[in-house]
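Undergrad: To convert a position in the sequence shown, counted from 1, into the numbering used here, add 11.
The beta carbon of each residue, even a glycine, is placed where N, CA and C say it ideally should be.
On a predicted model such as this, the values are computed, not experimentally measured, just so you know.
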Amino acid sequence: MLDDAKRCFGDSPVVATVRNLFADLPTPTSGECFEQLAACRGVRIERIVSSDQPEPVLYEQEQDEWVCLLQGRAQLLIAGDPVELQAGDHVFIAAHVPHQVLETSSDPPCLWLAVHIHPHEP
Numbered sequence: 012m013l014d015d016a017k018r019c020f021g022d023s024p025v026v027a028t029v030r031n032l033f034a035d036l037p038t039p040t041s042g043e044c045f046e047q048l049a050a051c052r053g054v055r056i057e058r059i060v061s062s063d064q065p066e067p068v069l070y071e072q073e074q075d076e077w078v079c080l081l082q083g084r085a086q087l088l089i090a091g092d093p094v095e096l097q098a099g100d101h102v103f104i105a106a107h108v109p110h111q112v113l114e115t116s117s118d119p120p121c122l123w124l125a126v127h128i129h130p131h132e133p
């Protein structure tokens, strides 16, 4: 079990770690701040904090992505369709589906929990 924890959470021999997703939020002036919380067996979990000035990046990723908006409001463009999100909404975006963050709120700032699922990693 300890070896599994090291693979998923880094080299420190920790079996359980308690942290708060809302604590110590960065304040990006543009774009987004990404913080990897865990990664193991083809799954990566990130905390994302968005500024109110999203960068015009069209993502088309190799992995599936599930994302939950924990705080704030956002508008995404997924496969050409606008999608409005508010706190508590979540969306699954399949691999290779183009998507982009169009708008994000500033008060409160957008806080996301993202799970990336890599289909071909052990």
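(1) Could you tell me whether the Cβ atoms of W123 and I56 are closer together than 7 Å?
(2) Starting from H110, trace the beta strand (DSSP E) in both directions and tell me its first and last residue.
(3) Is it the case that the CB of V112 approaches a heavy atom of the ligand GDP more closely than 6 Å?
(4) What is the rounded straight-line gap between the Cα of F45 and the Cα of V26?
(5) Select from V29, T28, C51 the residue whose C-alpha is nearest the C-alpha of H129.
TA: Here's the rundown:
(1) Position 112 of the sequence shown, counting from 1, holds the residue named residue 123. Position 45 of the sequence shown, counting from 1, holds the residue named residue 56. Cβ atoms of W123 and I56: not closer than 7 Å.
(2) As a first step, residue 110 must be located in the sequence shown, where it is residue number 99. From DSSP, the beta strand (DSSP E) with H110 extends over 110 to 115.
(3) This structure does not include the ligand GDP; it has no bound ligands of any sort.
(4) Your numbering for residue 45 matches position 34 in the sequence shown. Your numbering for residue 26 matches position 15 in the sequence shown. Cα to Cα, F45 sits roughly 23 Å from V26.
(5) On the sequence shown, position 118 is the one that residue 129 refers to. In terms of Cα proximity to H129, the closest of V29, T28, C51 is C51.
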